[in-house]
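Asker:
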Amino acid sequence: MNPKEEIHHLTEEIKRHNYSYYVLASPTISDYEFDQLLTKLQKLETQYPEWKLPDSPTERVGGTITKDFPSFRHLHPMLSLGNSYSEADLDEFDKQIQKLAEGRPYSYLVEHKFDGVSLSLHYENGLLMRGVTRGDGQQGDEITANAKTIGSVPLRLRGNHFPDQLEVRGEVMMFQSDFGALNQAREAEGLAPLMNPRNTTAGTLKMQDSGQVAARPLQFFAYHLITNPLTVPSDYEQMDLLENWGFKLGKFHSHCPTIQAVHHYIQAWEERRKDLDYDIDGIVIKVNELDLREIMGNTAKAPRWAIAFKYKAVESYTQVESVDYQVGRTGKITPVANLIPVLLAGTTVKRASIHNADEIGRLDLHLEDTVSIEKGGDIIPKITGVVLEKRRTGAMAVQFPIHCPACSTKLIQPEGEVNHFCPNVSGCPPQIKGRISHFAGRKAMDIEGLGTEIVNTLVDQGLIQNYADLYELTYEQLIPLERFADQSVKNLLEGIEKSKSQPFARVLFGLGIRYVGATVAQKLAAASQNIQTLLAMSHEELVAIPDIGGRIAESIQEFSSGEENQILINQLLKAGLRLELGEEDASQPESDLLSGKIFVISGIFASQSRDELKVLIKKMGGKVSSSLSKKTSYLVAGENAGPSKMEKASQLEIPILSEEAFLKLLE
Ligand code: IVH
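Just so you know, my numbering puts 537 at position 229 of the sequence shown, and the rest follows in order with no gaps.
(1) Enumerate in chain order the residues of its own chain whose CB-to-CB distance from glycine 759 is below 6 Å, with the five nearest sequence positions on each side excluded.
(2) Would you say the stretch 435-449 touches the stretch 381-392, given that touching needs at least three Cβ pairs under 8 Å?
(3) Is any heavy atom in the ligand IVH found nearer than 7 Å to the beta carbon of glutamate 551?
(4) Since serine 979 is in the beta strand (DSSP E), which residue starts that stretch and which ends it?
(5) Cα separation between aspartate 686 and serine 863?
(6) Hey, which unbroken runs of the beta strand (DSSP E) at 3 residues or more fall wholly within the stretch 875-960?
(7) At a cut-off of 7 Å, is tyrosine 531 close to the ligand COA when judged by its beta-carbon and the heavy atoms of the ligand?
(8) Given a cut-off of 8 Å on the beta-carbon distance, is the pair glutamine 516 and glycine 857 in contact?
(9) Would you say leucine 389 touches the ligand IVH, meaning its beta carbon is less than 7 Å from a heavy atom?
(10) Please confirm if the stretch 430-447 is in contact with the stretch 495-503, defined as three or more CB-CB distances below 8 Å between the two stretches.
(11) Could you check where the alpha helix (DSSP H) with proline 505 kicks off and where it finishes?
(12) Is arginine 637 near the ligand IVH, in the sense that its beta carbon is under 7 Å from a heavy atom of that ligand?
(13) Measure the alpha-carbon distance for leucine 302 versus glycine 639 and round it to whole angstroms.
(14) Comparing alpha-carbon positions, which option in Thr452, Gly605 and Ser796 lies nearest tryptophan 613?
(15) Measuring only from the beta carbon, is serine 941 closer than 7 Å to any heavy atom that is part of the ligand IVH?
(16) In terms of DSSP beta bridges, what is valine 733 paired with?
(17) Under the criterion of a Cβ to heavy atom distance below 7 Å, does histidine 382 qualify as lining the ligand IVH?
(18) When the Cβ atoms of the stretch 843-858 are set against those of the stretch 801-811, are three or more pairs found closer than 8 Å?
(19) Which runs of the alpha helix (DSSP H), 4 residues or longer, sit entirely within the stretch 378-442?
(20) If you follow the beta strand (DSSP E) that glutamate 475 is in, where does it begin and where does it stop?
(21) Out of Gly443, Ser415 and Gly411, which one is the CA nearest neighbour of valine 425?
(22) Which same chain residues end up closer than 7 Å to isoleucine 962 when comparing Cβ atoms and leaving out the 5 residues on each side of it in sequence?
(23) Helix, strand or coil for proline 365 per DSSP?
(24) What are the residues that DSSP puts in a beta bridge with glutamine 627?
(25) The ligand IVH heavy atoms versus the CB of glutamate 982: any closer than 7 Å?
(26) Three or more C-beta pairs closer than 8 Å, one from the stretch 352-361 and one from the stretch 573-593: is that the case here?
(27) Report all residues from its chain with a CB closer than 8 Å to the CB of valine 851; omit the five preceding and five following residues, and keep chain order.
(28) Per DSSP, which one or two residues make a beta bridge with valine 644?
(29) Tyrosine 531 lies in the beta strand (DSSP E); which residues open and close that run?
(30) Report the option in Gly558, Leu557 and His572 whose CA atom is closest to the CA atom of cysteine 564.
(31) Taking DSSP as the reference, what is the three-state secondary structure of glutamate 723?
(32) Short check: CB of leucine 533 to CB of valine 592, under 8 Å?
(33) Does the Cβ of serine 426 lie closer than 7 Å to at least one heavy atom of the ligand IVH?
(34) With DSSP run on the structure shown, which of helix, strand or coil describes serine 966?
(35) Please tell me whether glutamine 837 and serine 933 are closer than 8 Å, where the distance is taken between their beta carbons.
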């Protein structure tokens, strides 16, 4: 097979596997085999870019960075739906439809109202050209690169029978199970949990790095086809078309000949919806006959031929007493409403998160407002709306603060962020306390006897200002403090002393560098070997470390450029903390074939991933370093090895090994 044929062949094969995995949810090969095929295709495409196909599955891997998403005016407005809450509402809707149908026979198509983010996909000659968010319904953001990373979005329609131009609308969602797993992983990294699948989906679709979008498990469920002229007479048949073209549909759409059948469907799902792995916020009822839809038309906001039925959420009403603004360890400001306590789904709720300033604006929240609160999949209940009729005249609007509630520094809102931050990193008490508590925490230095309360006391008493100060505390300083006795002081000092032997990765995590969670810290520790090397790394060197993206790299560089941080690190080094990889951190080598040799790896390898290669070198007794120096024994260069690394290696006269040559070395 020549390269062109091979690329074609691989593309088709991977597409088949993708379809089985993402649309049919029945994988045909192992993840490992799949990755091998994809890597092979990627390599060929880099070698022969002229043969790369426009719908190549390598597009799904992402990697495109979009600074500002261009606006796109919808070809047809993306409308919303009228709501109904009872059988009576629906009977009323049915009467309306009957009138509009003027004696022509009609029926309904009903399905779940997916609680995600709507997305419009444009296809030309079967090829995905564009993905556009709903925006304000008239125009949205073009997020094509991000849409392409969603496995169940076809990059090319299956088969040959489709109109030249068509638009498919549907909902992007995250399954609850995937969301749970994502949050678990975040927790392990010491990151704040994400609020709920819907917000996470919305946030993910707006990420600038499509590579990050690709890493998030998003689903696309198609529910609406727009073609001109129509190809089939009913929605039910359109759903079949969509399915045949390779789209994933909600499994439970149903054709109901009468409104009574619609009532049954709604009743059946009242309970059953709780067993779904995705959130629905009701049922959508649409006239099935497409010609009737055209006759019935739309109002300014919604089609006349469709309506949403909303189930009652677990909801309650109460009043807002005040709003607090919490300052996190990163300086992030979170508004939290204090409520008149109310019983909701079995627990008493006193507080509800309001997320950020935008949300206060969206709700137009005033003090003493009667608000509806809802407990969804979220951990903390949320305020879903304000009962405007109950607002007291003269009630004060809730104003997001301009200054930090803790230290009065003017707040900032970094570009592209919905959150506000207090920039007074080194002087703002809750940030200081938060960082020390994080450092002492279970996943970092795990200092026994140093809970949040004690940290607060130590900071308030002026005994410590940062985590490095912990190592200078003395018995004499602590014993006069309230709640401290001889034994508790000794225990605390012992706990602090013991923490000095925590491994490098934990210390690194404890430093509280933004986006450096526990797992990332381990990867950074392994790749850099010691803190000085890590903090001296260039952006390119950092992003060359597996799983380290631009955002983490930037954050590390920001940390290392802070003068106070350099002082902190020196203080920690002086205290004797482990800021380099120790012998016991590396897995025991199985052989000493490569002992004393230091390797630097660059590029992509056919036989194994870079991570696997590193493990292999360590197993054979060698060391892996991320940057070249006179001490480097070899540069192992795979496909697309970094040109600057290659040049530096030649300058330093370091032997460059190809993948083959390296594998030979092992023999
Ligand atoms: S059909 C509005 N079907 O609900 C014209 N919409 O509140 C046709 N939605 O913007 C829409 N699940 O994003 C339809 N099964 C479903 C849906 C659905 C969720 C969303 C859609 C729309 C919003 C209206």
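All C-beta atoms, glycine included, are put in the ideal place defined by N, C-alpha and C.
Answerer: By the coordinates alone:
(1) If you number the sequence shown from 1, residue 759 lands on position 451. Around glycine 759: no qualifying Cβ.
(2) Taking a contact to require three or more Cβ pairs closer than 8 Å, the stretch 435-449 and the stretch 381-392 qualify as touching.
(3) By 1-based counting over the sequence shown, the position of residue 551 is 243. Checking every heavy atom of the ligand IVH against the Cβ of glutamate 551, none is found closer than 7 Å.
(4) Any question about residue 979 goes unanswered here, given that the chain covers just 309 to 975.
(5) To locate residue 686, count along the sequence shown from 1; it is residue 378. To locate residue 863, count along the sequence shown from 1; it is residue 555. Unreliable placement is indicated for aspartate 686, whose pLDDT of 47 sits below 50; the coordinate value is still reported in the next sentence. Rounded to the nearest angstrom, the two C-alpha atoms are 29 Å apart.
(6) Unbroken beta strand (DSSP E) stretches of 3 residues or longer found wholly inside the stretch 875-960: 906-910, 931-933 and 942-945, given in chain order.
(7) Ligands displayed in this structure: the ligand IVH; the ligand COA is not among them.
(8) What you label residue 516 is simply residue 208 of the sequence shown in a count that begins at 1. What you label residue 857 is simply residue 549 of the sequence shown in a count that begins at 1. Cβ atoms of glutamine 516 and glycine 857: not closer than 8 Å.
(9) What you label residue 389 is simply residue 81 of the sequence shown in a count that begins at 1. Placement of the Cβ of leucine 389 at a distance of less than 7 Å from at least one heavy atom of the ligand IVH is found.
(10) The answer is no - the stretch 495-503 does not touch the stretch 430-447, with fewer than three Cβ pairs under 8 Å.
(11) As a working note, residue 505 is residue 197 in the sequence shown. Looking at the DSSP string, the run of the alpha helix (DSSP H) that includes proline 505 is 505-513.
(12) Residue 637 sits at position 329 when you count from the first residue of the sequence shown. In terms of side-chain proximity, the C-beta atom of arginine 637 is found no nearer than 7 Å to any non-hydrogen atom of the ligand IVH.
(13) Any property of residue 302 remains undetermined from this structure, which presents the chain solely from 309 to 975.
(14) For the purposes of this step, residue 613 is identified with residue 305 of the sequence shown, where counting begins at 1. Sorting Thr452, Gly605 and Ser796 by C-alpha distance to the C-alpha of tryptophan 613 places Gly605 at the top.
(15) Within the sequence shown, the letter at position 633 stands for residue 941. No, the ligand IVH has no heavy atom inside 7 Å of this Cβ.
(16) Walking along the sequence shown from the start, residue 733 turns up at place 425. Answer by DSSP bridge pairing: none, since valine 733 is not bridged.
(17) Stepping through the sequence shown from its first residue, residue 382 is reached at position 74. Outside the cutoff, so no.
(18) The stretch 843-858, when compared against the stretch 801-811, does not touch it at the 8 Å Cβ threshold.
(19) Whole alpha helix (DSSP H) segments, 4+ residues: 395-409.
(20) Your numbering for residue 475 matches position 167 in the sequence shown. The continuous beta strand (DSSP E) containing glutamate 475 extends over residues 473-481.
(21) For the purposes of this step, residue 425 is identified with residue 117 of the sequence shown, where counting begins at 1. Considering only alpha carbons, the answer is Gly443.
(22) Counted from its first residue, the sequence shown places residue 962 at position 654. Leu936, Thr940, Tyr942 and Leu943, listed in sequence order.
(23) Mapped onto the sequence shown, residue 365 falls at position 57. DSSP places proline 365 in helix when its eight states are reduced to three.
(24) Numbered from 1 along the sequence shown, position 319 holds the residue referred to as residue 627. DSSP lists Thr678 as the beta-bridge partner residues of glutamine 627.
(25) Limits of the chain in this structure are 309 at one end and 975 at the other, which puts residue 982 out of reach.
(26) The stretch 352-361 vs the stretch 573-593: no contact.
(27) Within the sequence shown, the letter at position 543 stands for residue 851. Sequence-distant partners of valine 851 (beyond 5 residues in either direction) whose C-beta falls short of 8 Å from its own C-beta, in its chain, are Gly857, Gly858 and Ala861.
(28) Position 336 of the sequence shown, counted from the start, is the residue given in the question as residue 644. According to DSSP, which records beta bridges pairwise, valine 644 is partnered with Asp632 and Ser661.
(29) As a position in the sequence shown, residue 531 is number 223, starting the count at 1. Membership of tyrosine 531 in the beta strand (DSSP E) is indicated by the continuous run 527-534.
(30) To locate residue 564, count along the sequence shown from 1; it is residue 256. That would be His572, whose Cα lies nearest to the Cα of cysteine 564.
(31) Indexing the sequence shown from 1 puts residue 723 at position 415. The three-state secondary structure of glutamate 723, taken from DSSP, is coil.
(32) By one-based count along the sequence shown, residue 533 stands at place 225. By one-based count along the sequence shown, residue 592 stands at place 284. No; because the gap between Cβ atoms is not below 8 Å, this pair is not in contact.
(33) Reading the sequence shown from its first residue, position 118 is the one you call residue 426. Closer than 7 Å to some heavy atom of the ligand IVH: that describes the Cβ of serine 426.
(34) In the sequence shown, counting from the first residue as 1, residue 966 sits at position 658. Annotated three-state conformation of serine 966 is strand, per DSSP.
(35) By one-based count along the sequence shown, residue 837 stands at place 529. By one-based count along the sequence shown, residue 933 stands at place 625. Closer than 8 Å, so yes.
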